[in-house]
Amino acid sequence: MSSIKKFVHVFVGCCSSAFIMEILMTKMPECATFITFLQFLFITVQGFVVTTKLGKIAPKIPLKSYGILVTLFFISSVANNYVYALHVPSTLHMIIRSASSPASLLVYCLIKKQKPKLNKTVGSILISFGVALAMYGGAPPTEQKGKLIYWCIGVTILLSTLITGAFTGLQQEILYTKYGKHPDEMMFYTHTIPLPLFIGIYPQLKNISKNISLDVWVLIILSIISQYYCTHCVHKLGTTETTVTVTFILTLRKFASLLLSSVVFTNNLTVFHCIGTVFVALGTYVYFDYFISNKQVSVSLKDR
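Numbering (the working numbering), first residue to last: 1313 to 1616.
Encoded structure:
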C-alpha cells in the first residue's frame, strides 16, 4: 500500500472515530471509560483470533519489552477519553491534542540530548501559543466555579497526555528498530496486557452498561469499529514512515476533525479558538518545514 493510501486510511478511520465519539459524548459523556474498555476488549479478541491464531503464534517482540510502551499507551488512552466527563469541549480537546509536535520535540531533546533545529523551536512556540489561546477561549465563565475546577483538571490531564503520548511514539520506534516492525502484534499486546487493569473499575463499568439505551449501543459499536480501524492504520503507517511524519499526519487529521466538528455540530467557536487554530496551523507548517528543508540546510540553535 502506498504512503498516500495509508494517509487517506488514517484520515478516514480516525476522523470517523472522533466524529462518532463526539456524538456519544453529547448523549452520554459518563460512558467514555466504558467505551475505552470495550475498544481494548474488541482489539484483544480480534488479535487473539487473527494475529496469534488462538495463541499458536509466539510474539516476535519479548513480552517484557512491552512494559513501558503498554503503561504509557494505557495511561494516554484512558486519560484522553476520561476528560470528556470533566466539561472539556470536544473542540478544545482536539486543539490541545494538536500540540503533539512541541511535546514530541521536548521528549526528543530530553532523551536524545540534542538541541532542536531553529524551525522546530519556532514552530513549537507558535503551536504552544495557539493552544494557550484556545484554552483561554474554551474556559467556562469564572462564576461557574465547580465546572471551572473540573475543566482545569481536564485540561491538565490533556497536557500531561501530550508528554506520555510523545514517549509512547518514541518507545514504539525503539522497539521497531530493535526487534523489527510487527504492527499487528504490537497493537494486540498493547491492548491485551493492560486489559486486567479495568477490573479495578468493574462496578463502575457495570453500572454504566445498565443505563445505556439502544441508540447509544449502536453508536458504541460504530465507535469501536472505527477506533480499531484508526489504530490499525496508524500502526501500519508507523512501519513505513518516521515518527515525525506520523505526528504530522495525525496533527492534520486532528484539524480535519476540528473542522468537521465545527461544521456538523455548529460548535460555538470563539475568536480565541479561531486565532489559536491559525497559530497551531502556522506552527505546524514551520515545525515540519517540508517545503524548504530540501532547498537549504536547517539552522540549529547551536549555529546561532
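Even for Gly, the Cβ is constructed at its ideal location relative to N, Cα and C.
C-beta atoms of residue i and residue j nearer than 8 Å
i	j	result
V1382	P1506	yes
G1588	G1435	no
L1531	I1316	no
L1517	S1377	no
C1421	K1429	no
Residue nearest to residue i in terms of C-alpha spacing, selected from the options
i	options	result
N1392	S1413, L1430, K1365, I1347	I1347
L1375	H1503, L1534, L1517	H1503
I1533	Y1599, L1562, I1332, P1414	I1332
I1520	I1335, L1350, F1323	L1350
L1526	T1563, M1340, G1379	M1340
K1372	V1590, S1538, F1500, F1591	F1500
L1509	I1335, K1317, S1328, F1385	F1385
D1496	V1558, I1437, C1542	C1542
T1363	W1529, M1498, L1517, K1522	M1498
T1473	I1513, P1414, K1427, H1494	P1414
V1320	K1548, H1585, A1397	K1548
C1586	A1444, K1365, V1322	A1444
I1511	V1528, F1352, E1342, K1318	F1352
Environment of residue i [buried if 16+ CB atoms lie within 10 Å]
i	result
A1344	buried
A1330	buried
K1614	For K1614, the predicted model reports a pLDDT of 35, less than 50, meaning its position is unreliable; a value from the coordinates is still stated below. With fewer than 16 Cβ atoms within 10 Å of its Cβ, K1614 is classed as exposed.
Q1539	buried
A1463	Position check: residue 1463 holds Trp in this sequence, whereas Ala was assumed. Per the 10 Å Cβ criterion, buried.
A1446	buried
I1461	exposed
T1480	buried
I1439	buried
V1558	buried
K1424	exposed
K1490	exposed
V1322	buried
Contact set for residue i: own chain, Cβ-Cβ below 6 Å, skip 5 residues either direction
i	result
K1432	L1417, Y1599
L1470	V1395, I1408
Inter-residue CB distance, residue i and residue j (contact presumed, cutoff 8 Å)
i	j	result
S1412	T1563	6 Å
T1476	I1387	5 Å
Q1483	I1380	5 Å
A1478	V1419	4 Å
V1592	G1442	4 Å
G1492	V1400	Going by Cβ atoms, the distance from G1492 to V1400 rounds to 39 Å, so no, they are not a contact pair.
Same chain, Cβ closer than 7 Å to residue i, five either side skipped, listed in chain order
i	result
F1354	I1536, Y1540
C1327	R1565, A1568, S1569, L1572
H1494	K1372, I1373
Neighbourhood of residue i by C-beta, 8 Å cutoff - its chain only, sequence neighbours within 5 removed
i	result
G1367	F1360
Q1551	Note that residue 1551 is Thr in the sequence shown, not Gln. Around T1551: Y1488, K1493, P1495.
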